[in-house]
Amino acid sequence: MFGAAAVLAAVALSPAQPPKPFEFKDGDRVVWIGGTLVEREQRYGYWETALIAAHPDKSITLRNLGWSGDTVRGESRGRFDYANADKCFRQLVDQTLELKPTVIFVSYGTNESFEGEAGLPRFEKGLEKLLDALKPANARVVLFTPLPFLYGNYAERNADVKRYAGVIRKVAAARNLPVADVWEQIDRRWSHSPVPAPPLSDNGMHLDETGYKVTADDFLAALGIRPWAGSPDALMRWRTTDTEPLRKAVVEKNQLFFHRWRPQNETYLFGFRKHEQGKNAKEVAEFDPLVSKAEAVIANLRKTLPK
4 MFGAAAVLAA VALSPAQPPK PFEFKDGDRV VWIGGTLVER EQRYGYWETA LIAAHPDKSI
64 TLRNLGWSGD TVRGESRGRF DYANADKCFR QLVDQTLELK PTVIFVSYGT NESFEGEAGL
124 PRFEKGLEKL LDALKPANAR VVLFTPLPFL YGNYAERNAD VKRYAGVIRK VAAARNLPVA
184 DVWEQIDRRW SHSPVPAPPL SDNGMHLDET GYKVTADDFL AALGIRPWAG SPDALMRWRT
244 TDTEPLRKAV VEKNQLFFHR WRPQNETYLF GFRKHEQGKN AKEVAEFDPL VSKAEAVIAN
304 LRKTLPK
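What the sequence shown shows, in this note's numbering, is residues 4 to 310, in sequence order.
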């Protein structure tokens, strides 16, 4: 499925007291916000596919609103008439709320960690502000810790990232929110050799396709989900189930949704130059039925998976 070796390693290295599984409900609408880790996952779909495959009896939809280089303040979303910091933040929040999520994955901290220890109070304040702004959704929120750096000058970098992961855990504890501790899961398995084998990244910071593939089980384990842990038969089914058709359908859906919420030339469609091509803005909504059709394909493939 996602690699027998990866599954076996995840089982062998699971914590003595794994986190309590996050309970997904039939019909859950997950919205995932964050930086590069989140945006790039939509290209490959391994983590999302793992989530769906682990719940073959539930209809779970996921909408990826990741933006490379983003922070809890939505800074990477600034462009042209969104140069105002408040507008960037409001866009992040409004786009999340518009999707009417029942679950929100919040995945930040990597980019903020470059501010070092001095930036911790600002990050904590920004995370608190974001979580307060998302309250109108009445969604169940899961906070994700950032990934460790996997090689290069990773010891120094990870000292900072670890501090930011600690802030996320602190905020989660104060708000009684679950934490998907991908820091703990991946640091324990992958970040203690100069170059992990197989290489998971082309720069030590961001996962590549192989990285997402072999860490799909770490993603589930961080959520407390271990579909392979019920019995030897369950492990065998998890290792041998062919989810590649499902993954391809997930990637297709993600691409269509990306064009829906982040269309090219949006300055001409919706921004200060809409007087030139604004008449074409109505075509963006035409992606909605295409996304729904792609979601139906995913649902049909999910139903073929062993329960």
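A virtual CB, placed ideally from N, CA and C, is assigned to each residue, including glycine.
Treat the numbers as computed from the prediction; the structure is a model and nothing was measured.
query: Coil, strand or helix - Ala35 by DSSP; result: Reading off the sequence shown, one finds Trp at residue 35, where the question assumed Ala. Correct three-state label for Trp35: strand.
query: Through-space distance from Glu118 to Asn161, alpha-carbon basis; result: 13 Å
query: For Ser234 and Thr307, the rounded distance between their alpha carbons; result: 21 Å
query: Cβ contact (3+ pairs, closer than 8 Å) linking the segment 45-52 and the segment 118-127; result: no
query: Distance, Ala57 Cα to Leu304 Cα; result: 13 Å
query: Three-state secondary structure assigned by DSSP to Leu272; result: Reliability fails at Leu272, whose pLDDT of 46 lies under 50, so the model's placement of it is uncertain and the value that follows must be treated cautiously. Helix.
query: Contacts around Arg166, its chain only, beta-carbon distance under 8 Å, and the 5 residues preceding and following it disregarded; result: Ser116, Glu120 and Leu123
query: Close beta carbons around Ala302, own chain, < 7 Å, minus the five adjacent residues each side; result: Ser62
query: DSSP bridge partner residues for Arg66 (one or two, in chain order); result: Val34
query: Any 3 or more C-beta pairs closer than 8 Å across the segment 210-217 and the segment 167-182; result: no
query: Where the beta strand (DSSP E) through Phe3 begins and ends; result: The displayed coordinates of the chain run from 4 to 310. Any statement about residue 3 would go beyond what the structure contains.
query: Among Lys138, Pro181, Ala158 and Gly112, nearest to Leu146 - alpha-carbon criterion; result: Pro181
query: Assigned exposure category for Phe190 - 16 Cβ within 10 Å defines buried; result: Here residue 190 turns out to be Asp, not Phe, going by the sequence shown. So Asp190 counts as buried.
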